[in-house]
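Residue numbers (my numbering): 98 to 411.
For each residue, glycine too, the CB sits at the ideal point set by N, CA and C.
These numbers come from a predicted model, not from an experiment.
Structure first, commentary second.
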Amino acid sequence: PLSITPYYMSLLTGQDASPALRRTVVPTVNEFIKMPEEADDPLSEEGHSPVPGLVHRYPDRVLLLTVDFCATYCRYCTRSRIVGRGRILFNRRRLEQALDYIRGTTAIRDVLLSGGDPLTLGDERLNWLLTQLRQIKHVEIIRIGTKVPAVLPQRITPQLVRMLRKHHPLFMSLHFTHPNECTHETFRACQRLADAGIPLGSQTVLLRTVNDDVDTMRTLMHQLLRMRVRPYYLYQCDPISGSAHFRTPVEKGLEIIRGLRGHTSGYAVPTYVIDAPCGGGKIPMTPDYFQGRNEGGIVLKNYEGKYFNYPEVI
Numbered sequence: 098p099l100s101i102t103p104y105y106m107s108l109l110t111g112q113d114a115s116p117a118l119r120r121t122v123v124p125t126v127n128e129f130i131k132m133p134e135e136a137d138d139p140l141s142e143e144g145h146s147p148v149p150g151l152v153h154r155y156p157d158r159v160l161l162l163t164v165d166f167c168a169t170y171c172r173y174c175t176r177s178r179i180v181g182r183g184r185i186l187f188n189r190r191r192l193e194q195a196l197d198y199i200r201g202t203t204a205i206r207d208v209l210l211s212g213g214d215p216l217t218l219g220d221e222r223l224n225w226l227l228t229q230l231r232q233i234k235h236v237e238i239i240r241i242g243t244k245v246p247a248v249l250p251q252r253i254t255p256q257l258v259r260m261l262r263k264h265h266p267l268f269m270s271l272h273f274t275h276p277n278e279c280t281h282e283t284f285r286a287c288q289r290l291a292d293a294g295i296p297l298g299s300q301t302v303l304l305r306t307v308n309d310d311v312d313t314m315r316t317l318m319h320q321l322l323r324m325r326v327r328p329y330y331l332y333q334c335d336p337i338s339g340s341a342h343f344r345t346p347v348e349k350g351l352e353i354i355r356g357l358r359g360h361t362s363g364y365a366v367p368t369y370v371i372d373a374p375c376g377g378g379k380i381p382m383t384p385d386y387f388q389g390r391n392e393g394g395i396v397l398k399n400y401e402g403k404y405f406n407y408p409e410v411i
């Protein structure tokens, strides 16, 4: 499906148009090129779904799909097999199944609301769902995954924020792709959320010809920190069907992390991860700073490529 908010469309057109952002939301013929390693559900979410719309892949946390609607659809979306197709609606009967599973599985302490985008729900519906989750004693934290502050910042109203702050501890994972998304409107939306005491973290997907260079990524991370959003994850693009034109070699991601680590503050360095196929979970990918051992202890390599010995007590 294709859907772009008028606000986000304004970033793609006119004198200050962003070709990079355009590539992330406007379909191209490249999507028809399918590679053997690609799949509609590369993370095997459906294989880890005990009840409809709920993914339980890690022992103490679950992913709850609230709706399949997004304000703007990303062409590289992991759930492109689902979003915008009317398969997951806000249905209280379906959600009660998921809630019953969470109530009955006391190991679950963390619930991530995703979709689609949970913030496309009206305040009343979202409040109902958060209230139900807050009544489950073993659920310690609730997270909301959303791209709304980047594509529809006007949705972050004082009324929404007043409702959200009733449900602490509440966290948000915000999806940002490029520095051109960090506008005045988005800055104001993030400020409202942060002022309500909601910790904000970012999720960024590494995309070929969009953000796959150190300068672009550094600028994005710095802009996020200015908006009080902590860079959290940099994802390798998932091998969904028709995504080859977006995917980069893993070495490119490692190059970017090397270009950030030590060259800017640690707060501006996200964790680079690959979400392993077949439900393997997130696996951190780090440059090889640990080089082994010698008679002097541990051999380390810093961000400048210089070597140091660290005396290890054995």
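Check, Outcome
"Whole-Å CB distance - valine 302 paired with cysteine 334, under 8 Å assumed", "5 Å"
"Contact under 8 Å by Cβ, valine 148 with glutamine 194", "yes"
"Residues sharing a beta bridge with threonine 274, DSSP", "None, per the DSSP bridge assignment."
"Any 3 or more C-beta pairs closer than 8 Å across the stretch 246 to 255 and the stretch 198 to 205", "no"
"C-beta contact flag for valine 370 and methionine 382 at 8 Å", "yes"
"Any non-hydrogen atom of the ligand NAP within 7 Å of glycine 242 CB", "No copy of the ligand NAP appears in this structure; indeed no ligand is present at all."
"Beta-carbon separation (whole angstroms), cysteine 287 vs methionine 324, contact threshold 8 Å", "4 Å"
"Straight-line gap, valine 123 to threonine 306 (C-alpha atoms, nearest Å)", "14 Å"
"Threonine 125, buried or exposed, once every other Cβ within 10 Å from all chains shown has been counted against 16", "exposed"
"Under 8 Å between C-beta atoms of leucine 257 and aspartate 292", "no"
"Limits of the beta strand (DSSP E) - the one that tyrosine 173 falls within", "Unbroken run through tyrosine 173: none, as it is neither H nor E."
"Any alpha helix (DSSP H) of 4 or more consecutive residues that is wholly inside the stretch 298 to 365", "311 to 323 and 347 to 357"
"Whole-angstrom distance between serine 146 and leucine 290, CA atom to CA atom", "31 Å"
"Under the three-state DSSP convention, the category alanine 286 falls into", "helix"
"Lysine 263, DSSP secondary structure in three states", "helix"
"contact_flag[the stretch 153 to 161, the stretch 350 to 365] where n(CB pairs < 8 Å) is 3 or more", "no"
"8 Å Cβ shell around histidine 275 - same chain, five flanking residues per side excluded", "Ser115, Ala117, Leu118, Thr121, Val307, Asn308, Thr313 and Leu317"
"Cβ neighbours of asparagine 224 in the same chain (closer than 7 Å, five flanking residues each side left out)", "Met260"
"Beta bridge counterpart(s) of valine 373 as assigned by DSSP", "Residue 373 is actually alanine in this sequence, not valine. Alanine 373 is bridged to Gly378."
"Classification of methionine 269 by the beta-carbon crowding that lies within 10 angstroms, buried from 16 upward", "buried"
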